[in-house]
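>
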Amino acid sequence: MSSAIDEKILDIEDQISRTQKNKSTEHHLGVLKSKLAKLRRKKLDAQFSKSGGGRHGFDVKKAGDGSAVLIGFPSTGKSTLISNITSKESKIGHYAFTTTSAIPGIMFHRGTQIQIIDLPGIIEEASSGKGRGKEVLAVARGADMIIIIMDPQKTTDYYKKIIRELNNVAIRPGKTKPYISIKKKDRGGIALSTLTKLTHMSEKTFMGILREYKVMNAAVTVRSDPTIDELIDVLEGNRVYPKILIIVNKVDLISKKQRRKIKEKFPDAMIISALTGENLESLKDEIVERLELIKIYLKKQRRKTDYEEPLIVKRNSTIRDVCDKIHRSFASEFRYAVVSGKSSKHPNQRVGLDHVIQDGDVITIIVKKF
Ligand SMILES: Nc1nc2c(ncn2[C@@H]2O[C@H](COP(=O)(O)OP(=O)(O)O)[C@@H](O)[C@H]2O)c(=O)[nH]1
Ligand SMILES: [Mg+2]
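Plus 1 on top of the position in the sequence shown (first one is 1) and you've got the working numbering.
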C-alpha cells in the first residue's frame, strides 16, 4: 500500500515542479499542494501506527524543564557532545544499543535541567521509513528544540536534507504557527476576515484550499500573511513547531578562513568543538536561552515564598501548566491561584487555570480540601 502512496506522491511532486508559478497557476498549485499534504499525512499515519508505541529505546520519557533532540548524520559528534554537556550518570547504561536507541541525558545549566536526546544517525531518507528512521522522527516530533549538528566540511547539503526530512514528517523547526483561526459552522459559507493583505495568494486560492479540506462553512480569521504551505499546515493540524539551533562541530579541524565562511553561511550557528570543549559553555547558554524558559516562585498559603528553588516553565505557560508540573492531580483539584508579579493586575490577584504567567511571578495554588 505504501508504495502506491509513494507513487502518487512522486506524481504530484512532479506535477508541482513542472508547473510554473504565476497568478494564473496559483490556484491550481494550491490544490496540488493540498493533495500532496494529504497524501503525506496518510503515509505518516500508516508509518506511525505500524511502529506502535514505544519499542524499547524509543519510548523517551519526558523529563526536565525542556527537551532538545540532536539530529545529524553519523560521526558528526553527537555522542561526544552529549557526553560532554550532560550529567555523567544518565548517559551510559545502554551501551549496546547506542546505535539504535534514543539516549536521553540531562544537561544541568543555570538552574535548569534540559533533556538532551541523542538520536542515532540515520536521518537520511528517514522519513521514507527506512531503517529505524521513523521512530527517530517520532522522538524528534516530541522535542521542544531540534539541534542540527553538522561537520564543517559538509554543511549546506546536509542542512537542506535534514530540514527536508523534518518537513516531510510535519516538523517545522524554527517556525512559528501561523495565526489563522478556523471556526467551523453549520451554514453560511466562509466568512473570511483578514487583518493584513494577503500577498502570497488570492482570496480565491485561499477559498479553494479550504474547499479541498472540506471547510465549507466557517468563520476564518487570518492575522498573518500566510503562504500556501502555511495555510495547508494549519488545515492539516498535526504540525509541530520546535525551536531550532544549528551547530557546526569539529571546528578544531578547520582553518580561520573556513571558519569565517561558515559564519557567513550560517550566521546563527554555534561553532564548537565537542572534543576540545571550545564554545561548549556558550552552547549551553544558547540552548537554555532559545528554549525561552522562565522562573516562577511558589508560595504556600501562610508561608514565605520559596526563592531558593524556583520552578522553571516555558514562556507563555499557564497556571494549568504549573499545576501539571507540580503534581498530576493538581489541576483537577484546583480551586484558584493567587498571583503577584508581572502577570498580575495587582498584587495577590486571584486567577484561574488559563491565566498566563510571567517571569518572576510569585504563585500560590489553592486546591480543594478533602
Ligand atoms: N577533531 C574532532 N573530532 C571530533 C569532535 N567531535 C567528535 N569527534 C570525533 O568524531 C568521531 C565521531 O564522533 P561521535 O561522537 O561518535 O559521532 P556520532 O556518530 O555523531 O555520535 C569520533 O572519533 C570523535 O572523537 C570534534 O569536535 N573535533
Ligand atoms: Mg553516536
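Cβ coordinates follow ideal geometry from the N, Cα and C atoms, glycine included. Since the structure is predicted, the reported quantities are computational estimates derived from the model, not experimental observations.
Nearest to residue 179 by CA position, among 236, 209 and 247, is which residue?
236
> So residue 239 and residue 41 are in contact, right, with Cβ under 8 Å, and what is the actual spacing, rounded?
10 Å between Cβ atoms; not a contact.
> Helix, strand or coil for residue 114, going by three-state DSSP, please let me know.
strand
> Could you name each continuous alpha helix (DSSP H) segment of 4 residues or more that falls completely within the region 285-358, going from the start of the chain to the end?
The region 285-358 contains these whole alpha helix (DSSP H) runs: 320-327.
> Let me check you understand the geometry: is the CB of residue 80 closer than 6 Å to at least one non-hydrogen atom of ligand 2?
yes
> Under the rule that 16 or more other beta-carbon atoms within 10 Å means buried, what is residue 92, buried or exposed?
Unreliable positioning characterises residue 92 in this predicted model, as indicated by a pLDDT of 43, which lies under 50. The coordinate reading is nonetheless provided below. With 16 or more other Cβ atoms within 10 Å, it is buried.
> For ligand 1, any of its heavy atoms closer than 6 Å to the Cβ of residue 254?
yes
> Do residue 280 and ligand 1 come close, with the Cβ less than 6 Å from some heavy atom?
no
> Suppose you measure from the CA of residue 348 to the CA of residue 342; what does that come to, to the nearest Å?
7 Å
> In whole angstroms, give me the CA-to-CA distance for residue 375 and residue 17.
This structure does not reach residue 375, given that the chain is present from 2 up to 371, and the question cannot be answered.
> Can you tell which of 254, 118 and 194 has its C-alpha closest to the C-alpha of residue 65?
118
> Can you tell me whether residue 116 is buried or exposed, with buried defined as 16 or more other CB within 10 angstroms of its CB?
buried
> Can you give me the C-alpha to C-alpha distance between residue 350 and residue 318, rounded to a whole angstrom?
Distance between residue 350 and residue 318, taken at the CA atoms: about 17 Å.
> In chain order, what residues of the same chain lie with their CB nearer than 6 Å to the CB of residue 311, ignoring the 5 residues before and after it?
296 and 298
> Enumerate in chain order the residues of its own chain whose CB-to-CB distance from residue 281 is below 7 Å, with the five nearest sequence positions on each side excluded.
Here residue 281 has 85, 86 and 273 as same chain residues with Cβ atoms under 7 Å from its own Cβ, once five neighbours each way along the sequence are excluded.
> What I want to know is whether the C-beta of residue 284 ends up closer than 6 Å to one or more non-hydrogen atoms of ligand 1.
Answer for residue 284: no, Cβ out of range of ligand 1.
> Excluding five sequence neighbours on each side, which residues of the same chain lie with their C-beta closer than 8 Å to the C-beta of residue 334?
368 and 369
> State the start and end residues of the unbroken alpha helix (DSSP H) segment that holds residue 149.
Not the alpha helix (DSSP H): residue 149 falls in the beta strand (DSSP E), residues 146-151.
> Is the number of C-beta pairs between the region 168-186 and the region 237-256 that are closer than 8 Å three or more?
yes
> Quick one: what's got a C-beta closer than 6 Å to residue 126's C-beta in the same chain, skipping five residues either side?
In this prediction, residue 126 scores a pLDDT of 48, lower than 50, which makes its location untrustworthy; no coordinate-derived value is stated.
> Taking the runs of the beta strand (DSSP E) that are 3 residues or longer, which of them lie wholly in the region 190-227?
As summarised for the region 190-227, the continuous beta strand (DSSP E) elements at least 3 residues long and confined to that stretch are 191-195 and 219-223, given in chain order.
> Work out the CA separation of residue 277 and residue 253 for me, nearest whole Å.
Their Cα atoms are separated by approximately 7 Å.
> Compute every distance between the C-beta of residue 251 and the non-hydrogen atoms of ligand 1, then say whether any falls below 6 Å.
yes
> Once DSSP output is grouped into helix, strand and coil, what is the label at residue 92?
With a pLDDT of only 43 at residue 92, under 50, the local geometry of the prediction cannot be trusted, and no value is derived from it.
> On the criterion of 16 or more Cβ atoms from any shown chain inside 10 Å, does residue 264 qualify as buried, or is it exposed?
exposed
> Helix or strand or just coil, what does DSSP make of residue 155?
Judged by DSSP in its simplified three-state form, residue 155 adopts strand.
> Go to residue 80, then tell me how far its alpha helix (DSSP H) extends in each direction, as first and last residue.
79-86
> Using the Cβ count rule (16 or more neighbours within 10 Å means buried), how would you classify residue 353?
exposed
> Roughly how many angstroms separate the alpha carbons of residue 25 and residue 9, rounded to a whole number?
24 Å
> Tell me the residue span of the alpha helix (DSSP H) that contains residue 235.
229-237
> Any heavy atom of ligand 1 inside 6 Å of the beta-carbon of residue 275?
yes
> When you compare only the Cα positions, how much space is there between residue 187 and residue 216?
10 Å
> Enumerate in chain order the residues of its own chain whose CB-to-CB distance from residue 200 is below 8 Å, with the five nearest sequence positions on each side excluded.
Spatial neighbours of residue 200 in its own chain (CB-CB distance under 8 Å, excluding positions within 5 residues in sequence) are listed in chain order as 226.
> Less than 7 Å between the C-beta atoms of residue 228 and residue 28, yes or no?
no
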